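The structure appears right after this line, and notes come after that.
Number of protein chains: 2
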Amino acid sequence: MSAPNASTAILDAAERVFALHGFDGASMRQIATGAGVAQALLHYHFGSKEKLFEAVFARRSDAINAERAARLDSLFGDDAGPRLEDLIEALFRPTMEAGHSGQGGNLFSRILAATANADDERSRSLIGAHYDPIALRFIEAFRRVEPRLGEADAVWAYMFAIGVGMTMMAATGRAGRLSGGACDDGNVDAIMTRIVPFIAAGIRGLVETAGAPSPPRGGRA
Amino acid sequence: MSAPNASTAILDAAERVFALHGFDGASMRQIATGAGVAQALLHYHFGSKEKLFEAVFARRSDAINAERAARLDSLFGDDAGPRLEDLIEALFRPTMEAGHSGQGGNLFSRILAATANADDERSRSLIGAHYDPIALRFIEAFRRVEPRLGEADAVWAYMFAIGVGMTMMAATGRAGRLSGGACDDGNVDAIMTRIVPFIAAGIRGLVETAGAPSPPRGGRA
DNA sequence: ATGCACTGACTGATCGAACAGTCAAGATGC
DNA sequence: GCATCTTGACTGTTCGATCAGTCAGTGCAT
Numbered sequence: 001m002s003a004p005n006a007s008t009a010i011l012d013a014a015e016r017v018f019a020l021h022g023f024d025g026a027s028m029r030q031i032a033t034g035a036g037v038a039q040a041l042l043h044y045h046f047g048s049k050e051k052l053f054e055a056v057f058a059r060r061s062d063a064i065n066a067e068r069a070a071r072l073d074s075l076f077g078d079d080a081g082p083r084l085e086d087l088i089e090a091l092f093r094p095t096m097e098a099g100h101s102g103q104g105g106n107l108f109s110r111i112l113a114a115t116a117n118a119d120d121e122r123s124r125s126l127i128g129a130h131y132d133p134i135a136l137r138f139i140e141a142f143r144r145v146e147p148r149l150g151e152a153d154a155v156w157a158y159m160f161a162i163g164v165g166m167t168m169m170a171a172t173g174r175a176g177r178l179s180g181g182a183c184d185d186g187n188v189d190a191i192m193t194r195i196v197p198f199i200a201a202g203i204r205g206l207v208e209t210a211g212a213p214s215p216p217r218g219g220r221a
Numbered sequence: 001m002s003a004p005n006a007s008t009a010i011l012d013a014a015e016r017v018f019a020l021h022g023f024d025g026a027s028m029r030q031i032a033t034g035a036g037v038a039q040a041l042l043h044y045h046f047g048s049k050e051k052l053f054e055a056v057f058a059r060r061s062d063a064i065n066a067e068r069a070a071r072l073d074s075l076f077g078d079d080a081g082p083r084l085e086d087l088i089e090a091l092f093r094p095t096m097e098a099g100h101s102g103q104g105g106n107l108f109s110r111i112l113a114a115t116a117n118a119d120d121e122r123s124r125s126l127i128g129a130h131y132d133p134i135a136l137r138f139i140e141a142f143r144r145v146e147p148r149l150g151e152a153d154a155v156w157a158y159m160f161a162i163g164v165g166m167t168m169m170a171a172t173g174r175a176g177r178l179s180g181g182a183c184d185d186g187n188v189d190a191i192m193t194r195i196v197p198f199i200a201a202g203i204r205g206l207v208e209t210a211g212a213p214s215p216p217r218g219g220r221a
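Chains as they are written, first to last, in UniProt numbering: chain A, 1 to 221; chain B, 1 to 221.
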């Protein structure tokens, strides 16, 4: 767990502080203290607060998306094409488990969720650079697996799926509060076994009603 | 549009600045300038930055949840029980349209999305106070309409639904970017006609696989 | 009607604290 | 001895909050 060099220690401390307080709420002093180094060292290694945040963001994102890409390749490399469920598994599992190594709470997931839902220039460009290319691959994969899915609907499907995932990654503990403790939004496996059928069914449901200008009448099927 | 008194002008300006920069990124000076009043007046009327944020949050939330509750009452007052689709409509439509009065972008929706996904004490207590009670009503309504839905699964269903909604309310424009402009995440009707069947199908899909310890095999149904 | 006491709304100036970022100098390792 | 790493001391700026004080309006006693 302990970092061998200062750069990694800074990244780890920054990840924690950014996850807990957001970009604006985090302070360079706090990060330096957490890393056990002088504040000036953060600027020496990363230049600015903004660039430090980008480094924190890129470190996990690159690892996550490398694995997502590998999973996609492997799924379509098989003789039998993948099921929708497999795609959703590939979409979320790497993110849910990144930085989730052992101890409590997935810090990076919170950063990712906050960044994905923000609309400032920094957040937009980070998501665009690190997640849009792989997003397009997943959208295309959705259409390959579910050919009746329209072009625009595939994008909606992806956005909806990400929405579900981001909220679970924020792991605010609200599910536990609303359920009297029965639901644990920190439990990756519990979430995955629910989230996969939910989204898969949602996408298939989107296909059924696609192109219909008004809401369907017989929804109880 | 113009505010008759200073308090409302401050709330309007604060809503805009908080929506654009978040709680920590917003400054009282910026809000005061936006409202056209002295900075000291914000403290005179609201006491502190924190309390001003709570006032901004409460103003729209109370209106939203009053309408949501009214819609729920009306749905279950009908002779025929509501469809799942009707519940989802009641869940999101009031929020999507609150503060969305005319001009561009729904500022409050962004505040709400950011607050819902954050896990600091302020966000948690605001969501808990303003949204948990009505959330429990929706969760109960889900089970009434879809009786095969388990107790815990109804909470998961609610969380997933909120996740989809929050991401769309953040309205980052990403859907448009990923679709080459075909999808507009600022268009409430376009979102609602997609989001309702998606979530309804997702919840029904959750029912099908509930209790199954491992992922289903025949997912192509 | 007029002078007086009081209130709520509002302001400009200013506080100490915390902020990101800078820099010359020291430590460390090759 | 040179380059990389690291530090403490420091800069100027901005932050939320506070303060004494202005001003219009109101009730009231005379």
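Backbone N, C-alpha and C fix where the C-beta goes; we use that ideal spot for every residue, glycine too. These figures come from a predicted structure and were not determined experimentally.
Going by beta-carbon coordinates alone, are residue i and residue j separated by less than 8 Å?
i, j, result
"A:S107", "A:A90", "What sits at residue 107 of chain A in the sequence shown is Leu, not Ser. No. Outside cutoff."
"B:G163", "A:V196", "no"
"A:A201", "B:G205", "yes"
"B:A38", "B:A32", "yes"
"B:N187", "B:H130", "no"
"A:F92", "A:F53", "no"
"A:I199", "A:A161", "yes"
"B:V207", "B:L149", "yes"
"B:N117", "A:M166", "yes"
"B:R177", "A:M159", "no"
"A:A55", "A:L11", "yes"
"A:F138", "A:I203", "no"
"B:V145", "B:L72", "no"
"A:E50", "A:R122", "yes"
"B:R83", "A:W156", "no"
Given that a residue counts as buried once 16 or more other Cβ atoms are within 10 Å of its Cβ, and exposed if not, what is residue i?
i, result
"A:P94", "buried"
"residue 223 of chain A", "Since the displayed chain A opens at 1 and closes at 221, residue 223 of chain A lies outside it and no answer follows."
"B:P133", "exposed"
"B:I111", "buried"
"B:A114", "buried"
"A:S48", "exposed"
"A:R29", "exposed"
"B:G102", "Note on B:G102: pLDDT 44, under 50, position unreliable in the model; the coordinate value appears next. Under this definition B:G102 is an exposed residue."
"B:A70", "exposed"
"A:P147", "exposed"
"B:A98", "buried"
"A:T172", "buried"
"A:D189", "exposed"
"A:T8", "exposed"
"B:A154", "buried"
"A:A40", "exposed"
"A:S2", "In this predicted model, A:S2 has a pLDDT of only 46, less than 50, meaning its place in the structure is not dependable enough to derive any value."
"B:A170", "buried"
"B:D79", "exposed"
For residue i, does the three-state DSSP call read helix, strand or coil?
i, result
"B:S27", "coil"
"B:N117", "helix"
"A:A19", "helix"
"A:A90", "helix"
"A:L84", "helix"
"B:V37", "coil"
"A:A200", "helix"
"A:A32", "helix"
"A:R110", "helix"
"B:A190", "helix"
"B:G173", "coil"
"A:A98", "coil"
"residue 225 of chain A", "Beyond the ends of chain A as shown, which are 1 and 221, falls residue 225 of chain A; an answer cannot be given."
Starting from residue i and walking both ways along the alpha helix (DSSP H), at which residues does that stretch end?
i, result
"A:G77", "49–77"
"B:D184", "No alpha helix (DSSP H) holds B:D184; DSSP gives it neither H nor E."
"B:V145", "132–145"
"B:A152", "151–170"
Do the region 114–127 of chain A and the region 171–191 of chain A meet, that is, are 3 or more Cβ pairs less than 8 Å apart?
no
I'd like to know if the region 50–62 of chain A and the region 7–16 of chain A are in contact, where contact means that at least 3 CB-CB pairs between them fall below 8 Å.
yes
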